[in-house]
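Just below is one structure, and these are the notes that go with it.
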Amino acid sequence: MSHTPYDESEPESSIYRMSVAIVNGRTVTEFVEDKEAFEKCINEQFLLLDVNGDGVLSRSELRKGFDGLLVLRTESESKEEKSSLYDRVFEKFDADHSGTIDRNEFSCEMKEIMLAVASGIGDTPVQVALEGDSILKRAVEHEMVNRL
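Heads up, the sequence shown is in UniProt numbering, so the first residue is 1 and it goes up one at a time.
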C-alpha cells in the first residue's frame, strides 16, 4: 500500500511537520537580536547539517540542508544551473575560502539571511507555512514565549 502525503498512518509525513503562523519583520529581528536564543538555534541547525560530525560543513552537507529552501526554483532548471546556484551559496557562506564552512561562518551568514527575511517581510503581518524545526518556526516560538 503506498502512502499519500495525507496518510495518517505515516507519522513522519510532511503534512504533520508543517504549521502556519502570522509573522512580521519584528518577529524575526527580535529573535536574531536575542543572541543566546539565536545562537542556540543556529548551533542546533549546524549540528543537523554536519552529518559526519567533523565540525565543518562540506559543499554536499550544505547542499542537502538547503535543498528544501530551493523548492521554489523551476522544474525546468538544468542540473548545471542548480549546481551553479549551490556553488554561489556555498561561496557566500565560506568567508575564508577554506573549502568548508565553520560554525562562525554559518552563524554570520544565517544572521544576515534572517535579517534580510525580516526586512523583506517588513511591518505588515504575513501568513507563512512553517516547516519542522526551521529557524523561522523557532523565531515564532521565541516571540510567543516572550509575550507571556
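The C-beta atom is built at its ideal place from N, Cα and C for all residues, glycine as well. On a predicted model such as this, the values are computed, not experimentally measured, just so you know.
Along the chain, where does the beta strand (DSSP E) that runs through residue i open and close?
i, result
"Val145", "Run containing Val145: none in the beta strand (DSSP E); it sits in the alpha helix (DSSP H), Ile135 to Arg147."
"Val128", "Val126 to Glu131"
Quick one: using the 10 Å Cβ neighbour count with 16 as the cut-off for buried, is residue i buried or exposed?
i, result
"Asp94", "buried"
"Asp87", "exposed"
"Lys40", "exposed"
"Ser83", "exposed"
"His142", "buried"
"Glu61", "buried"
"Arg147", "exposed"
"Ser134", "buried"
"Val140", "buried"
"Met144", "exposed"
"Leu72", "Here Leu72 scores only 42 on pLDDT, less than 50, and its place in the model should not be relied on; the value that follows carries that caveat. Exposed."
Can you name, in chain order, every residue of its own chain whose Cβ lies under 6 Å from the Cβ of residue i, other than the five neighbours on each side?
i, result
"Ala129", "Met18 and Val20"
"Ser107", "Ile42"
"Arg103", "Phe46"
"Ala37", "His142"
Terminal residues of the continuous alpha helix (DSSP H) containing residue i?
i, result
"Ala116", "Arg103 to Ile121"
"Glu91", "Lys79 to Phe93"
"Gly65", "Arg59 to Phe66"
Just to confirm, are residue i and residue j a CB contact at a threshold of 7 Å?
i, j, result
"Lys111", "Val32", "yes"
"Arg138", "Phe90", "no"
"Gly25", "Ala118", "yes"
"Val57", "Ile101", "Looking at the sequence itself, residue 57 is Leu, so the reference to Val does not match. In this structure, Ile101 lies closer than 7 Å to Leu57 by Cβ."
"Leu49", "Gly65", "yes"
Within a Cβ cutoff of 8 Å, which residues of the same chain sit near residue i, ignoring the five residues on either side of it in sequence?
i, result
"Gly122", "Asn24 and Gly25"
"Thr124", "Asn24"
"Gly55", "Asp102 and Arg103"
Once you ignore the five residues that flank residue i on each side, which residues in its own chain have a CB closer than 7 Å to its CB?
i, result
"Gln127", "Val20 and Ile22"
Contiguous beta strand (DSSP E) assignments of at least 3 residues, all confined to the region 11-45: 18-23
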